[in-house]
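Note that my numbering has the sequence shown beginning at 3, numbered continuously upward.
The C-beta atom is built at its ideal place from N, Cα and C for all residues, glycine as well.
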Amino acid sequence: MSEQPRNVVRLETAGTVVQARTVKGGVHLHPHAGRVTDIPRQLPLAPHWLVARDQELNSLTAALDKGLAERRLAVMTVEGVGGVGKTALVLFWAQRNLARFPDGQLFVDLRGFDVSGVPASASAVLSGFLVSLGVEPAAIPADQDAAAALYRSLLSDKQMLVILDNALDGAHVLPLLPGDSSCAVVVTSRRHLAGLRMRGASRIRLDSLPSADAQAFLARRIGDFVDAEPAAVDTLLRCCAGLPLALAIVAARTSDHPEFPLAVLASELEEESVGLSAFDAGDGTSDLRAVLSWSSAALDDDEARTFRMLGAAGLPEIGCEAAASLMARPATTATQVLRALEAKYLVRQHTPGRFRMHELVRRHAAELSSSADTTHARSAALRRLGDFYLHTARAADELLYPHRTPVPAPDLAAGCGPVSPVDDTAALEWFVREHQQILAVQRTAMRWGWSEHVWQLSRALDTYHYRRSLLRENVDSSRLGASAADLMGDETVRALAHRQLGRAYTRSGQLADAEASLWLALTLTRRAGDTVGEAHTLHDLARTCSLSGRTEQALIHSTSAMTLYRAAGNSVGEAHALNAQGRQHAVLGSHERARRCCQSALSLHEASGNTSGQLATLETLGFIARETERHAEALDYYSRGLALCHRLRNQFVEAKLVEHVAGARIAQDMLPEALGALRRAYDLYAGQRRVVEAERVRLKTSSIERALRDAGP
3 MSEQPRNVVR LETAGTVVQA RTVKGGVHLH PHAGRVTDIP RQLPLAPHWL VARDQELNSL
63 TAALDKGLAE RRLAVMTVEG VGGVGKTALV LFWAQRNLAR FPDGQLFVDL RGFDVSGVPA
123 SASAVLSGFL VSLGVEPAAI PADQDAAAAL YRSLLSDKQM LVILDNALDG AHVLPLLPGD
183 SSCAVVVTSR RHLAGLRMRG ASRIRLDSLP SADAQAFLAR RIGDFVDAEP AAVDTLLRCC
243 AGLPLALAIV AARTSDHPEF PLAVLASELE EESVGLSAFD AGDGTSDLRA VLSWSSAALD
303 DDEARTFRML GAAGLPEIGC EAAASLMARP ATTATQVLRA LEAKYLVRQH TPGRFRMHEL
363 VRRHAAELSS SADTTHARSA ALRRLGDFYL HTARAADELL YPHRTPVPAP DLAAGCGPVS
423 PVDDTAALEW FVREHQQILA VQRTAMRWGW SEHVWQLSRA LDTYHYRRSL LRENVDSSRL
483 GASAADLMGD ETVRALAHRQ LGRAYTRSGQ LADAEASLWL ALTLTRRAGD TVGEAHTLHD
543 LARTCSLSGR TEQALIHSTS AMTLYRAAGN SVGEAHALNA QGRQHAVLGS HERARRCCQS
603 ALSLHEASGN TSGQLATLET LGFIARETER HAEALDYYSR GLALCHRLRN QFVEAKLVEH
663 VAGARIAQDM LPEALGALRR AYDLYAGQRR VVEAERVRLK TSSIERALRD AGP
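Spelled out as structure tokens, the structure:
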């Protein structure tokens, strides 16, 4: 019997030793892919705390739970503008959920938006992940698809978290997704990752912090300073606009010089000419300008130009039609570009077709425009934008008050496409939507020396300001318009602008300023030979005199205005003067004469279709009826007037009429009904910031409440 082979090696060996009883055929040897390795735990240092991100943290957990329950890979995207805190949120969440991933965590910065401009390739990332998972570098497949397949195989049945930070787009991360439902993936990006959402990913959109939460952020970092200088903190919060990176930079700069007052830094941040230079803590990762530039550098030419011009325009928000005029592009093209910027989180579509830009992003865009665009290019774009708002505002104002004397409009710039509201309701809605933009455009026009735009925008806003009782804005805009008119030197234009300013002062109760403006306007109209303008100004002076208690002088002005209106054949003006005379006669005790004046005024207004004039006259007729103790008649006039207020959406007069209704109810000894009207009047006045009127009504309300309590049940 031959000796049996023994499974023992007694010699030195090199390479692989095969121990087998019997070998038949060839033996093929392959290098082993694996190696003994620790569990990968690649998470960078996470922040110790977050402010006001509980909802987003809960959303990440809920998305993970849902994926596990449905036995599918849980993919979550965290998207937002640079500096909003995406990575901090994800790392904080990951550290709180480490126990759910016992097989480890993989992390990579994909450098989608990086100073180098070169994103990390999927092949390089896969190689790094495979090494972390125990694969020898020599055993990593050169082919990306093969490497991805090996990566998915190694993650199979493992409970691992993969964080793909700073992704360029969805295609950037697809090769890096595991195939097993036991894993979870979180992707951060400055772009919309729509492709991943189409594959079932959950999106968490990260926004800037509200003001109260931003203050809490600063309090955690520099608490003593926040308590010591509240005014400076308010400025810092406004300048940072809730962006966590900006807040962190402010906190770091404060800590660098604790001996400096916060007011010094606040003043620096507030200075527009400084731009974003103040938001630099001394290195690339804490330089806000650099961080934002990584996003803007990735734009194509059309997107970059639009982005820069949006920054130069400085509007709180913009619609597609206005953007089309700014860029001299069709509205469809402008919409596409705005949506592309939205997909990169450089603007946000907060309502359909309306886009906003974060204030610090806007300052970055404005800086880019200053350096990349010529003065001529900026001027042309902003002039088109100004033309869009002026011509659209004129069309809207004409629908609100068609009886206003028209003035010639400036020529429309090529490439500008204003819109025309279809009716007065649409016109008012347009003003509500665009009010802040119009004010911003007016200020821009003043800076560029476009005086015609400044005063005409003020004129176009006047009716809207009056009806919405925006008295402070009315004065500010009218004052700017008068200053621009003075620069133009045209006496007719100056008269129009100063008369409007006088009316704005009158509405806000600044009667001395009102008279000064109106007397200047009267001098200018007489010098220009503008008879109707003179009549308008006398009518406005009459109202100012009435409000200051000089009724006889008011009647003189109204009578002079009446004479001029009749001579000019201006029936609308005549009706207004008749109504003014009616009130003045009533105050002086001539009630029948007052009633005749107002009935004639009402007939003229009805014949011309002037609903605003009808409203004013109904108020006066109600006043006359109350003065003569015909309270039921007064209530009828007020009821008709309130119906017109609601039709015209005239909140200014509505508040007065509701207070008048309360007065009539008190005269009728209907105190519960009067109390309800007073409370409504108070709410209206307070909402319109009419402090004097609100306080007057509050005192009346308290008096009626006491009377009802004393009367008992």
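Mapping DSSP to helix, strand and coil, what is residue i?
i	result
residue 714	coil
residue 281	coil
residue 572	coil
residue 696	helix
residue 191	strand
residue 130	helix
residue 440	helix
residue 317	coil
residue 299	coil
residue 491	coil
residue 262	coil
residue 273	coil
residue 50	coil
residue 549	helix
residue 471	coil
residue 556	helix
residue 450	helix
residue 690	coil
residue 329	helix
residue 671	coil
residue 704	helix
residue 651	coil
residue 678	helix
On the CB-based measure, 16 or more other CB atoms within 10 Å of its CB, does residue i come out buried or exposed?
i	result
residue 167	buried
residue 51	exposed
residue 658	buried
residue 100	exposed
residue 145	exposed
residue 532	buried
residue 438	exposed
residue 33	With a pLDDT of 46 at residue 33, under the threshold of 50, the modelled position of that residue is not reliable, and the figure given next carries that caveat. Burial call: exposed.
residue 60	exposed
residue 399	buried
residue 68	exposed
residue 529	exposed
residue 591	exposed
residue 584	buried
residue 732	This structure gives no information on residue 732, because the portion of the chain shown stretches from 3 to 715.
residue 138	exposed
residue 1	Shown here, the chain extends from 3 to 715; a query on residue 1 therefore has no answer.
residue 217	buried
residue 371	buried
residue 708	exposed
residue 413	exposed
Kindly give me the distance between the Cβ atoms of residue i and residue j, rounded to whole angstroms, as I take these residues to be in contact under 8 Å.
i	j	result
residue 248	residue 290	6 Å
residue 542	residue 508	7 Å
residue 163	residue 81	Actually they are not in contact, since the Cβ atoms of residue 163 and residue 81 sit about 19 Å apart, beyond 8 Å.
residue 366	residue 278	6 Å
residue 457	residue 483	4 Å
residue 613	residue 650	6 Å
Across which residues does DSSP place residue i in a beta bridge pair?
i	result
residue 289	282
residue 186	76 and 163
residue 43	107
Does the Cβ of residue i lie closer than 6 Å to at least one heavy atom of the ligand COA?
i	result
residue 182	Although the ligand COA was asked about, the structure shown includes no ligands whatsoever.
Checklist entry - Hey, which unbroken runs of the alpha helix (DSSP H) at 4 residues or more fall wholly within the segment 500-539? => result If only complete runs of 4 or more residues are kept, the segment 500-539 shows the alpha helix (DSSP H) at 513-530, in order along the chain.
Checklist entry - Taking only runs of the beta strand (DSSP E) that begin and end inside the segment 64-118, which ones reach a length of at least 3 residues, in chain order? => result DSSP runs (the beta strand (DSSP E)) wholly in the segment 64-118: 76-81 and 107-111.
Next on the checklist: At 4 residues or longer, what runs of the alpha helix (DSSP H) sit wholly inside the segment 575-649?
Outcome noted: Correct list: 593-610 and 613-629.
Checklist entry - Going along the chain, which unbroken runs of the beta strand (DSSP E) with 3 or more residues stay wholly within the segment 193-254? => result Here the runs fully enclosed are 204-207.
Checklist entry - Which runs of the beta strand (DSSP E), 3 residues or longer, sit entirely within the segment 346-430? => result Counting whole runs of 3 or more residues, the segment 346-430 contains the beta strand (DSSP E) stretches 350-353 and 356-358.
Item to check | Length-filtered (4 minimum) alpha helix (DSSP H) runs lying within the segment 118-172 | outcome: Counting whole runs of 4 or more residues, the segment 118-172 contains the alpha helix (DSSP H) stretches 124-134 and 146-157.
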